[in-house]
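Asker: Sharing a structure below in structure tokens format, with a few things to ask.
In the working numbering, the protein residues as written are 1204 to 1477.
And the structure:
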């Protein structure tokens, strides 16, 4: 997915947020603030938004010497997720599992608890609903990759991971090191969860870039009968690849460019096979 006109302002906000989380030193902040415009002056609507986001995150980590600016935020989001998930009773069928995975994508530390409770109290209404197609795709599937998103979503991924693991070999792809509030190997250990899938590390980028992955992961990606991709970052990068009917996207459209690119409204949930 290519960038939209709103993306530049969003990237500026992202850089300010990441800087505040990375350091309290005014001199370090000034160095970052001088470097950010040099990155964003190359902004173009012909480029995937995640490309710029990744450059910003790398620059902020390097200048601040903080390898995990979002650590405290992730810990709080995980606690929020634990409380929210404790109120959910999975039914175990495919639709229920996809719904729960999608609801996890709504969790954000800056969302107040009451709003989150309302969001999770009902079942999501999918603006694009390809769950029946997913069911058919699972027939005969032997190898599945599940691309994780934010740290807080892991609990909400668990029911779908369990169901998929009963049908095929499943690899759960997480970041090898921290980037933004995505789930990384260290975060996964903090949750204390034992997931019913093989844990596979991927490069520390927002979104998944097959050409940057290890040779083993590239091979798994190429051979996968189904790739479940959580979150907008994975959609932004994977949608640039040929859509071969094996990518199943699960996310909430939280920004106008993403919503426009698939023809849904802002805030809509998507369960989309492409």
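Glycine is no exception: its CB is placed at the ideal position from the N, C-alpha and C atoms. Model, not experiment: these values are computed from the prediction.
Which ranges would you report for the beta strand (DSSP E) in the region 1294–1339 if only whole runs of at least 3 residues count?
Answerer: For the region 1294–1339, whole beta strand (DSSP E) runs of length 3 or above, ordered along the chain, are 1329–1332.
Asker: May I ask you to check if the CB of residue 1424 is nearer than 7 Å to at least one heavy atom of the ligand PLP?
Answerer: No copy of the ligand PLP appears in this structure; indeed no ligand is present at all.
Asker: Check whether the region 1227–1241 touches the region 1281–1290, counting contact only when three or more Cβ pairs, one atom from each stretch, lie closer than 8 Å.
Answerer: These segments do not touch.
Asker: Just how far apart, CA to CA, sit residue 1280 and residue 1445?
Answerer: The count along the chain shown starts at 1 and reaches residue 1280 at position 77. The count along the chain shown starts at 1 and reaches residue 1445 at position 242. When rounded, the distance between both Cα atoms is 34 Å.
Asker: Give me the Cβ distance between residue 1413 and residue 1424, rounded to the nearest whole Å; I'm assuming they're in contact under 8 Å.
Answerer: If you number the chain shown from 1, residue 1413 lands on position 210. If you number the chain shown from 1, residue 1424 lands on position 221. That pair is a contact at about 5 Å.
Asker: What does the alpha-carbon distance come out to for the pair residue 1299 and residue 1327?
Answerer: Against the chain shown, residue 1299 aligns to sequence position 96. Against the chain shown, residue 1327 aligns to sequence position 124. Each residue's Cα considered, the two are about 10 Å apart.
Asker: Rank 1247, 1369, 1410 and 1259 by C-alpha distance to the C-alpha of residue 1219 and give the top, closest one.
Answerer: On the chain shown, position 16 is the one that residue 1219 refers to. Minimum Cα distance to residue 1219 is reached at 1259.
Asker: Check residue 1346 in the structure and name its three-state DSSP category.
Answerer: In the chain shown, counting from the first residue as 1, residue 1346 sits at position 143. Residue 1346: strand per DSSP, three-state reduction.
Asker: Grab the span of the beta strand (DSSP E) containing residue 1466 for me, first residue to last.
Answerer: If you number the chain shown from 1, residue 1466 lands on position 263. Where residue 1466 is concerned, there is no enclosing beta strand (DSSP E), given that its DSSP letter is neither H nor E.
Asker: Can you tell me which of the three DSSP states residue 1439 falls into?
Answerer: Indexing the chain shown from 1 puts residue 1439 at position 236. Helix.
Asker: Between the Cα of residue 1346 and those of 1401, 1461 and 1472, spot the shortest distance and give me the residue it belongs to.
Answerer: Position 143 of the chain shown, counted from the first residue, corresponds to residue 1346. Here the closest residue by C-alpha is 1401.
Asker: Quick check: what's the CA-CA separation for residue 1235 versus residue 1264?
Answerer: Against the chain shown, residue 1235 aligns to sequence position 32. Against the chain shown, residue 1264 aligns to sequence position 61. Roughly 10 Å separates the two Cα atoms.
Asker: Please identify the residue among 1474, 1382 and 1392 whose C-alpha is closest to the C-alpha of residue 1449.
Answerer: If you number the chain shown from 1, residue 1449 lands on position 246. Closest option to residue 1449, Cα to Cα, is 1474.
Asker: Look up residue 1405 in the DSSP assignment and give the residues it is bridged to.
Answerer: On the chain shown, residue 1405 is found 202 positions in, with the first residue counted as 1. According to DSSP, residue 1405 bridges with 1378.
Asker: DSSP beta-bridge partners for residue 1372?
Answerer: Your numbering for residue 1372 matches position 169 in the chain shown. Paired residue(s): 1346.
Asker: Using 10 angstroms around the beta-carbon of residue 1392, count the other beta-carbons present and answer buried if the total reaches 16, otherwise exposed.
Answerer: Numbered from 1 along the chain shown, position 189 holds the residue referred to as residue 1392. Result: exposed.
Asker: Select from 1337, 1224 and 1274 the residue whose C-alpha is nearest the C-alpha of residue 1302.
Answerer: Residue mapping note: residue 1302 aligns to position 99 of the chain shown, counting from 1. Here the closest residue by C-alpha is 1337.
Asker: Along the beta strand (DSSP E) that carries residue 1432, what are the first and last residues, could you check?
Answerer: For this step, residue 1432 is matched to residue 229 along the chain shown. Residues 1429–1433.
Asker: Assuming residue 1470 and residue 1455 are in contact, meaning their beta carbons sit under 8 Å apart, how far apart are those beta carbons, in whole angstroms?
Answerer: Numbered from 1 along the chain shown, position 267 holds the residue referred to as residue 1470. Numbered from 1 along the chain shown, position 252 holds the residue referred to as residue 1455. About 7 Å; that satisfies the 8 Å criterion.
Asker: For the region 1415–1435 and the region 1268–1277, state whether three or more C-beta atom pairs, one from each stretch, are separated by less than 8 Å.
Answerer: The answer is no - the region 1268–1277 does not touch the region 1415–1435, with fewer than three Cβ pairs under 8 Å.
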